[in-house]
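Under numbering that gives the first Met the number 0, the residues of the sequence shown are numbered 0 to 184, in order.
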Amino acid sequence: MGMFDTIHFEQPLTCAVCQAPIATTQTKAFECLLDDFRIGDCVGHAEELRIVREGLYCDACRAIDQQFVYFVVYRGILVDVALDLPAAEAQLRSFSFERLLLWYHDQYAKRVAERRERWQVERFLHDVVRWYEAGYDQMTPEERDQKPMLALLFFHYRDLLETATDPVAALRAYLAARKNEGEAD
Ligand SMILES: [Zn+2]
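Structure, rendered in structure tokens:
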């Protein structure tokens with residue numbers, strides 16, 4: 000399968016051929032699930048210590064493999080994207096236990112945030128089902144106002160559901176709102 004993951008650099012690199020910025024590279028060295036990784040992300044198992052050499056591709060001039068980066072994976076975490084092998088090896092050699100603990104703290108915070116996000120998505124899906132199955136979309140605003148429970152039941156997404164004519168429109172509005180939030184971040 001032609002699957003890969005995308006590694007996002009902390010700072011864009013410069014194409015050696017045309018000097019255009021290169022912000023990311025694709026790799027098949029990790030799980031190949033079309034995932035996005037940045038420095039500090041968990042890319043593998045805790046026993047993994049390795050350096051992965053990857054060629055860069057420039058979108059601007061289409062130069063391929065004219066320059067390389069080295070992913071430094073320490074205990075399963077992508078700890079650096081080095082520009083040459085000695086720098087990558089030095090990173091592996093000098094990596095400290097204290098620094099690893101900090102990365103794990105970050106991993107935990109990410110896990111909490113992702114769980115919260117998943118709950119939000121599930122809550123929205125439940126709300127969509129409940130809203131349309133109960134026929135709230137067929138009611139006039141006045142009829143809805145006579146049901147005080149609605150404010151409680153649909154505390155998070157009532158405005159969105161009231162303006163959506165059908166479930167597909169609700170999903171579309173929800174996705175658009177998420178996209179806006181993502182871009183605002
Ligand atoms: Zn280029």
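A virtual CB, placed ideally from N, CA and C, is assigned to each residue, including glycine.
Discussion item. Suppose you measure from the CA of Ala62 to the CA of Phe8; what does that come to, to the nearest Å?
Written reply: Mapped onto the sequence shown, residue 62 falls at position 63. Mapped onto the sequence shown, residue 8 falls at position 9. Cα to Cα, the separation comes out at about 18 Å.
Item to complete: Select from Gly39, Tyr69, Phe29 the residue whose C-alpha is nearest the C-alpha of Asp250.
Response: Here the chain comprises residues numbered 0 to 184, so residue 250 is not present and cannot be evaluated.
Fill in: Reference Gln137, options Gly181, Ala163, Asp34, Gly54, closest by Cα
Here residue 137 is taken as the residue at index 138 of the sequence shown, counted from 1. That would be Ala163, whose Cα lies nearest to the Cα of Gln137.
Fill in: Leu84 classed as buried or exposed, judged by whether at least 16 other C-beta atoms fall within 10 angstroms
In the sequence shown, the residue the question calls residue 84 occupies position 85. Result: exposed.
Discussion item. Closest to Asp58 by C-alpha separation, out of Lys178, Cys17, Gly134, would be which residue?
Written reply: Stepping through the sequence shown from its first residue, residue 58 is reached at position 59. When each option's Cα is compared against that of Asp58, the closest is Cys17.
Discussion item. What I want to know is whether the C-beta of Val16 ends up closer than 8 Å to one or more non-hydrogen atoms of ligand 1.
Written reply: Here residue 16 is taken as the residue at index 17 of the sequence shown, counted from 1. For ligand 1, at least one heavy atom lies less than 8 Å from the Cβ of Val16.
Worksheet item: Do you know offhand how far Arg115's Cα is from Ala45's?
Response: To locate residue 115, count along the sequence shown from 1; it is residue 116. To locate residue 45, count along the sequence shown from 1; it is residue 46. Distance between the alpha carbons of Arg115 and Ala45: 25 Å.
Worksheet item: Do you know whose CA, among Val80, Lys178, Phe29, lies nearest Met2's CA?
Response: As a first step, residue 2 is located in the sequence shown; it is residue number 3 there, counting from the start. With distances taken between Cα atoms, Met2 lies closest to Phe29.
Practice prompt. Look at Gly54 and Val72 and say whether their C-beta atoms are less than 9 Å apart.
Written response: For this step, residue 54 is matched to residue 55 along the sequence shown. For this step, residue 72 is matched to residue 73 along the sequence shown. In this structure, Val72 does not lie closer than 9 Å to Gly54 by Cβ.
Worksheet item: Helix, strand or coil: which one does DSSP assign to Phe36?
Response: The count along the sequence shown starts at 1 and reaches residue 36 at position 37. It is a strand residue.
Practice prompt. Using a threshold of 9 Å, state whether the C-beta atoms of Ile76 and Cys41 are closer than that.
Written response: Taking the first residue of the sequence shown as 1, we reach residue 76 at position 77. Taking the first residue of the sequence shown as 1, we reach residue 41 at position 42. A contact, by the Cβ cut-off of 9 Å.
Worksheet item: When the distance is taken between beta carbons, is Thr26 closer than 9 Å to Phe70?
Response: Position 71 of the sequence shown, counted from the first residue, corresponds to residue 70. Position 27 of the sequence shown, counted from the first residue, corresponds to residue 26. Contact flag set, yes.
Practice prompt. Quick one: residues in its chain with C-beta nearer than 6 Å to the C-beta of Phe94, no 5 flanking neighbours on either side, listed in chain order?
Written response: Reading the sequence shown from its first residue, position 95 is the one you call residue 94. Contacts found: Tyr73.
Discussion item. With H, G and I counted as helix, E and B as strand and the rest as coil, what does DSSP make of Ala59?
Written reply: Within the sequence shown, numbered from 1, the residue matching residue 59 stands at position 60. DSSP places Ala59 in coil when its eight states are reduced to three.
Worksheet item: Opposite His104 in the DSSP bridges: which residues?
Response: By one-based count along the sequence shown, residue 104 stands at place 105. Paired residue(s): none; His104 is not in a bridge.
Worksheet entry | With 16 other Cβ atoms within 10 Å as the buried cut-off, status of Trp118 | The residue you call residue 118 lines up with position 119 of the sequence shown. Counting Cβ neighbours within 10 Å, Trp118 comes out exposed, since fewer than 16 surround it.
Discussion item. On a Cα-Cα basis, can you pick out the residue from Gln65, Leu48, Asp35 that is closest to Leu99?
Written reply: As a first step, residue 99 must be located in the sequence shown, where it is residue number 100. Nearest option by C-alpha distance: Leu48.
Worksheet entry | Bounding residues of the beta strand (DSSP E) (the contiguous stretch that carries Thr26) | Reading the sequence shown from its first residue, position 27 is the one you call residue 26. Residues 20–26.
Worksheet item: Using a threshold of 8 Å, is the CB atom of Ala22 nearer than that to any non-hydrogen atom of ligand 1?
Response: Along the sequence shown, one-based indexing puts residue 22 at 23. No, the beta carbon of Ala22 sits no closer than 8 Å to any heavy atom of ligand 1.
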